[in-house]
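> Below you'll find the structure I mean.
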Amino acid sequence: MRISLFVPCFVDQLTPRVGVAAAEVLTRLGHEVEFREAQTCCGQPSFNSGQWDVARPAAVRALEVFRGAEAVVGPSGSCVAMMRVFYPQLLEGTPHEAEARDLASRTFEFSEFLVRRLGVEDVGARFAKKVTYHDGCHALRELRLKEEPRRLLRAVKGLELVETEEAESCCGFGGLFSAKFPMISTAMVQVKGGALLRTGADYVVSSDPSCLLQIGGWLSREGKPVLPLHIAEVLARRD
Amino acid sequence: MSDPKSIFLKDAAVTSADAPQRAFIRKALGGYYVNRDLQKARYRDWERARDAAAMAKWSAVNDLAANLEKFTANFERNGGKVHWARDAAEAREIILRLVRQAGAKSIVKSKCMTSEEIHLNDALEAEGFGVVESDLGEFIQQLRKEPPYHFVFPCMHVKREAISELFTQHLGTPPTDSPEELTMIARRHLRQMYVDADVGITGANFLVAETGQISITENEGNARLTAALPRVHIALSGIEKVVASLDDLSVLLPMLATAGAGQPMTCYNTFYSGPKRRDEPDGPEEFHLVLLDNSRTRILADPEQRDSLHCIRCGACLNVCPIFKNIGGLAYGTTYQGPIGSVITPHLRGLKQWNHLSGASSLCGACTDACPVRIDLHHHLLHNRRNAAKENPTWFDRIFHRSFLFVTSRPALFSLGGKAFRAFLPLLKKLPVPYMSAWLKTRDLPEAPAVSFRDQWKKGAGRG
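As given, the protein sequences belong to chains W and U, one line each in that order. 205 is the number that numbering that gives the first Met the number 0 gives to position 206 of the first sequence; each next residue is one higher, with no gaps. 235 is the number that numbering that gives the first Met the number 0 gives to position 236 of the second sequence; each next residue is one higher, with no gaps.
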C-alpha cells in the first residue's frame with residue numbers, strides 16, 4: 000500500500016526521530032511510504048484556541064496536501080483526531096465538508112493503522128525493557144484506541160508491559176493549555192508522573208508525541224529516571 | 000484585579016500547588032471509581048442505559064414547553080401553586096413574598112443548588128429570616144460561611160477534625176473524630192429546627208409531567224423532614240428538570256445514584272404530590288413551586304449546546320475531572336463547578352467574564368465519557384472558546400494565530416522558521432517568550448535536533 004505520512008509540525012521540528020521511526024516500521028512491512036513536503040500544521044492550536052476562522056484555511060490546506068492519498072498515517076492521536084473528528088465539524092457547511100469527511104475516512108493513527116487496517120501486531124521488533132503505556136486522551140476518547148497500541152507492544156520481543164494507575168488520566172498537556180494554565184497543567188503531570196514512577200518502568204510509551212513532550216519535560220526537570228518513547232520508536236527497535 | 004478570570008488564576012495557582020489537599024481529594028474520589036464501576040457492572044448494558052437516559056432528557060427538553068404545561072396543570076390539580084421566575088431576582092422576590100405571607104419565624108432548607116444559583120440564603124438573611132441548611136454537608140458549609148465545594152458533595156474537602164472543631168465552636172459540643180458521632184451532633188441540632196420551622200425550602204431532581212409530582216433524591220432523609228414538617232413547603236427548580244413520565248425515572252434515578260455517587264440507588268427517593276389533603280393527618284398546608292428560567296431558555300435556543308440542559312446534576316463529570324481534582328471546587332468561583340459548570344456558567348453569567356473556565360481544560364474528555372445523559376461536555380468547551388473568540392477577540396490571540404497561519408501556509412517559510420527556531424532555542428529558553436517561559440518554569444524542552452524530519456527525509460531517512 001502507498002502510505003502518505005502525516006508528520007505533526009512539532010515532530011518535524013522537535014522530535015523528528017518519531018517520524019523516521021514510523022516510516023521505517025511501515026517500510027519494513029513492505030509498504031511504500033511517501034512524505035508530502037507541502038504539509039505543515041493541521042491547525043489544531045488555533046482550533047482549540049477558538050480561532051476557527053484561522054484554523055479553517057489550515058484545514059483546507061491539509062485537504063489539498065493529502066488529496067488522492069490512499070491512506071494518511073500520523074504518529075499522533077491528537078493530530079489525527081483533529082483531521083478525523085474535528086475537520087468535518089470545522090468545515091461543516093462549507094464547500095470543503097465532503098472532502099473533509101473523505102479525508103477523515105482515509106486518515107489513521109499509527110497504531111490503529113497497523114492493527115486495524117493492516118491486521119499486524121508483531122512488526123518484528125525487539126526491545127528488552129520494562130515499559131508502561133500512557134493513553135493520550137485524543138487517541139483514547141476521540142479515536143477510541145485502547146487495545147491497539149498494547150497489542151503491538153505485547154508482541155515486541157523481550158518487552159515487559161506494565162500497566163499504570165492513572166493510565167487514562169490526562170497528562171495535562173492540552174496544547175496551549177499547558178502554557179496558558181501552567182500551574183494546573185503541572186499539577187496534572189505531577190499526578191501522571193507520580194503514577195508512572197511507581198510502576199518502576201524504564202520507559203513511558205505513548206502514541207502521542209505531545210503527551211511525551213509534557214511527561215518527558217517534567218520527568219527531565221525533576222531528574223527522574225523514566226524516559227519518554229513514542230510507540231513508533233519502540234516498534235522500530237531491533238536491539 | 001478583581002475580574003473573575005484574575006481571581007480564578009490566583010486561586011487556582013494556590014490550590015493546584017497544595018499537594019496534600021489535592022491528594023486528599025484524589026483519595027476521596029478514588030473510592031468513588033471503585034463503587035461506581037461495581038454498580039455499573041450490575042447494568043446489563045451501561046452504554047444502552049446511557050442512551051435511554053439521554054433520550055428521556057432529550058425528548059423532555061426538546062418539547063420543554065408542552066412538558067412544562069402538562070406538569071404545571073397536574074401539579075396545580077394536585078393542590079400546589081406554581082410561580083414562574085424569569086431570573087434570579089424574580090425568584091428571590093417570589094420566595095421572599097411567600098415567606099412573608101407565611102409569617103415565617105424560622106426556615107429550614109434541604110439541598111438545592113438552584114437556591115445557590117439565585118443566592119437565596121443571602122436574600123433571606125438580609126430580610127431578617129433565619130434559614131438553616133439541613134443537608135449535613137450544606138450545614139457544615141453554612142457554618143463555614145463557604146459555598147459548596149462540589150455540588151453533590153458540598154464539604155468533601157473538609158477533614159473530620161475541622162468538622163469537629165467547627166461543631167465545638169458553633170454548637171458547643173465536645174471534640175470527636177467519629178463520623179457517626181459528628182453526624183449525630185448535627186442530627187440532634189437539626190431535629191428541633193424541623194419542628195420549629197414554619198417554612199421548608201427544597202429543590203427538585205425531577206418534575207414528572209404526567210403526574211405533576213416532584214421527585215427528590217437524598218441520602219439523609221432531611222429533605223423529607225424539610226418538606227413534610229413545616230406548614231409551608233416551597234420547592235425551587237430549574238425548568239429543565241421536567242421529564243415526561245414516571246417511566247423515565249426508572250432509568251434516571253438509578254443512573255443518577257450510580258454515576259454521581261457509585262450507589263445502586265440513593266437512600267431516599269420521594270415523590271411529592273401536593274399539600275396535605277383533608278383526609279391526611281400531616282404534610283404541609285401549602286405547597287409552592289418556583290420554576291426558574293435564569294438563562295435556561297437561552298441555552299434552549301442554542302441547538303449546539305442545548306444538551307447541557309439534560310444535566311441531572313449527578314456530579315459524575317466533577318468526580319472524573321483532572322482539573323476539578325487539582326484546583327478544587329472553590330477555585331471555579333461558580334455555583335456549578337467542574338466541566339458542566341465551565342460549560343453553562345458563560346450562559347448564566349456572561350461569556351466574556353467566564354470563558355476562561357472553558358480555556359482551563361486540556362479537553363481530555365473524561366467528563367463526556369462519564370456523563371450518564373451523554374452531554375458533549377468537552378466539545379462544548381471548544382464551542383465556548385470559539386464563541387468567545389468571535390464575540391470578544393483579543394489582539395494578542397489574533398496576531399499570534401494569524402502569524403502562525405502565515406508561516407504554516409508557506410512550507411518553505413515554515414522550514415526556514417523551524418531552522419531558526421531550533422538554532423536559537425537555547426537562547427530563546429532564557430528570554431521571556433510568551434507561552435515558552437510559562438512552560439519552562441516546571442518542565443524542560445528537549446534539545447533541538449540539528450536536522451528536521453523533512454530535511455532528513457530528503458536525504459533518504461526512514462526508508463530502510
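Ideal placement from N, C-alpha and C gives every residue a C-beta, glycine not left out. Bear in mind the structure is a predicted one, so any value in this text is a computation, not a measurement.
Which word fits L90(W), buried or exposed, when buried means at least 16 other C-beta atoms lie within 10 angstroms of its C-beta?
Reading the first sequence from its first residue, position 91 is the one you call residue 90(W). The residue is buried, with at least 16 neighbouring Cβ atoms inside 10 Å.
> Nearest chain C C-beta to Y434(U) closer than 9 Å, yes or no?
The chain inventory of the structure shown lacks chain C, comprising the protein chains W and U.
> Which ranges would you report for the beta strand (DSSP E) in the stretch 188-239 of chain U if only whole runs of at least 3 residues count?
Counting whole runs of 3 or more residues, the stretch 188-239 of chain U contains the beta strand (DSSP E) stretches 198-201, 205-207, 212-217, 231-237.
> Quick one: Cα of V114(W) to Cα of V155(W), how far?
Counting from one through the first sequence, the residue named residue 114(W) turns up at place 115. Counting from one through the first sequence, the residue named residue 155(W) turns up at place 156. Cα-Cα distance, rounded: 14 Å.
> W83(U) bridges to which residues according to DSSP?
The residue you call residue 83(U) lines up with position 84 of the second sequence. According to DSSP, which records beta bridges pairwise, W83(U) is partnered with L290(U).
> List the whole-angstrom C-beta distance separating I117(U) from L350(U), where the pair is believed to meet the contact cut-off of C-beta under 8 Å.
Counting from one through the second sequence, the residue named residue 117(U) turns up at place 118. Counting from one through the second sequence, the residue named residue 350(U) turns up at place 351. Contact flag wrong, Cβ pair sits at about 20 Å.
> Can you have a look at L430(U) and say buried or exposed, based on whether 16 or more other CB atoms are within 10 angstroms of its CB?
As a first step, residue 430(U) is located in the second sequence; it is residue number 431 there, counting from the start. By the 10 Å Cβ count, L430(U) comes out exposed.
> Can you give the Cα-Cα distance for R105(W) and G73(W), rounded to whole angstroms?
Your numbering for residue 105(W) matches position 106 in the first sequence. Your numbering for residue 73(W) matches position 74 in the first sequence. Approximately 11 Å, taken between the alpha carbons.
> Run through chain W and tell me which residues come within less than 8 Å of H346(U), C-beta to C-beta.
Position 347 of the second sequence, counted from the first residue, corresponds to residue 346(U). Neighbours of H346(U) on chain W: none; closest Cβ ~16 Å, over 8 Å.
> Nearest chain U C-beta to E98(W) closer than 9 Å, yes or no?
Mapped onto the first sequence, residue 98(W) falls at position 99. So no, E98(W) is outside the interface.
> Name the DSSP beta bridge partners of G73(W), please?
By 1-based counting over the first sequence, the position of residue 73(W) is 74. For G73(W), which the question treats as bridged, DSSP gives the partners E108(W).
> Please report the straight-line C-alpha distance between Y86(W) and V207(U), rounded to a whole angstrom.
Stepping through the first sequence from its first residue, residue 86(W) is reached at position 87. Stepping through the second sequence from its first residue, residue 207(U) is reached at position 208. Approximately 41 Å between the Cα atoms of the pair.
> Under a three-way DSSP split, which group does S1(U) fall into?
Against the second sequence, residue 1(U) aligns to sequence position 2. Residue state, collapsed to three classes: coil.
> Does F128(U) come out as helix, strand or coil in the three-state DSSP assignment?
Counted from its first residue, the second sequence places residue 128(U) at position 129. Three-state result, F128(U): coil.
> To which residues does DSSP link P227(W) through a beta bridge?
Taking the first residue of the first sequence as position 1, residue 227(W) is located at position 228. V203(W).
> Could you check whether N293(U) and D86(U) sit closer than 9 Å to each other, using their CB atoms as the reference points?
Locating residue 86(U) in the second sequence gives position 87, counting from the first residue. Locating residue 293(U) in the second sequence gives position 294, counting from the first residue. Yes, the Cβ-Cβ distance between D86(U) and N293(U) is below 9 Å.
> Start and end of the alpha helix (DSSP H) containing H379(U)?
Sequence index remark: in the second sequence, residue 379(U) carries index 380 (1-based). H379(U) -> alpha helix (DSSP H) spans 376-390.
> What in chain W is Cβ-close to W456(U), meaning under 7 Å?
Here residue 456(U) corresponds to residue number 457 of the second sequence, with the count starting at 1. Per Cβ cutoff of 7 Å: F34.
> Going along the stretch 171-185 of chain W in order, which residues come within less than 9 Å of chain U, judged by CB to CB distance?
Flagged, chain order: G171, F172, G173, G174, L175, F176, S177, A178, K179, F180, P181, M182, I183, S184, T185.
> Out of C370(U), S177(U), A359(U), G261(U), which one is the CA nearest neighbour of R35(U)?
In the second sequence, the residue the question calls residue 35(U) occupies position 36. Per the Cα distances, G261(U).
> Does W438(U) get closer than 9 Å to chain W when you measure Cβ to Cβ?
Residue 438(U) sits at position 439 when you count from the first residue of the second sequence. Chain W contact via Cβ: present.
> Whose CA, out of G199(U), L224(U), P174(U), lies closest to the CA of R190(U)?
Taking the first residue of the second sequence as position 1, residue 190(U) is located at position 191. Out of G199(U), L224(U), P174(U), L224(U) has the C-alpha closest to the C-alpha of R190(U).
> When you compare only the Cα positions, how much space is there between R533(U) and S214(U)?
Residue 533(U) lies beyond the range of chain U shown here (0 to 463); nothing can be said about it.
> Using the beta-carbon count (16 or more within 10 Å), is Y32(U) buried or exposed?
For the purposes of this step, residue 32(U) is taken as residue 33 along the second sequence, with counting starting at 1. Flag for Y32(U) reads exposed.
> Please list the partners that D11(W) has in chain U, where partner means a Cβ-to-Cβ separation under 8 Å.
The sequence position of residue 11(W) within the first sequence is 12, counting from 1. Neighbours of D11(W) on chain U, chain order: G417, S451, F452, R453.
> Does the stretch 360-380 of chain U touch the stretch 309-322 of chain U, meaning 3 or more C-beta pairs lie closer than 8 Å?
At 8 Å Cβ cutoff, the stretches touch.
> Determine the DSSP secondary structure at S307(U), reduced to helix, strand or coil.
Locating residue 307(U) in the second sequence gives position 308, counting from the first residue. S307(U) falls in the helix class under three-state DSSP.
> Return the chain-ordered list of same chain residues with a C-beta closer than 8 Å to the C-beta of G79(U), the five sequence neighbours on each side being excluded.
Here residue 79(U) refers to the residue found at position 80 of the second sequence. So the qualifying residues of the chain are G211, G273, P274, F286, H287, L288.
> Helix, strand or coil: which one does DSSP assign to R143(U)?
Within the second sequence, the letter at position 144 stands for residue 143(U). DSSP places R143(U) in helix when its eight states are reduced to three.
> Taking only beta-carbon positions, decide if H400(U) is within less than 9 Å of chain W.
Position 401 of the second sequence, counting from 1, holds the residue named residue 400(U). By this cut-off, H400(U) is an interface position.
> Following the continuous beta strand (DSSP E) through Y267(U), name the residue where it begins and the one where it ends.
Numbered from its first residue, the second sequence carries residue 267(U) at position 268. Its beta strand (DSSP E) spans residues 267-271.
> From the DSSP secondary-structure annotation, give me the bridge partner or partners of S3(W).
Position 4 of the first sequence, counted from the start, is the residue given in the question as residue 3(W). In DSSP, S3(W) forms a bridge with E33(W), V71(W).
> Given 8 Å as the limit, is there contact between the stretch 438-448 of chain U and the stretch 18-25 of chain W, that is, 3 or more CB pairs closer than that?
Because the criterion of three Cβ pairs below 8 Å is not met, the stretch 438-448 of chain U and the stretch 18-25 of chain W do not touch.
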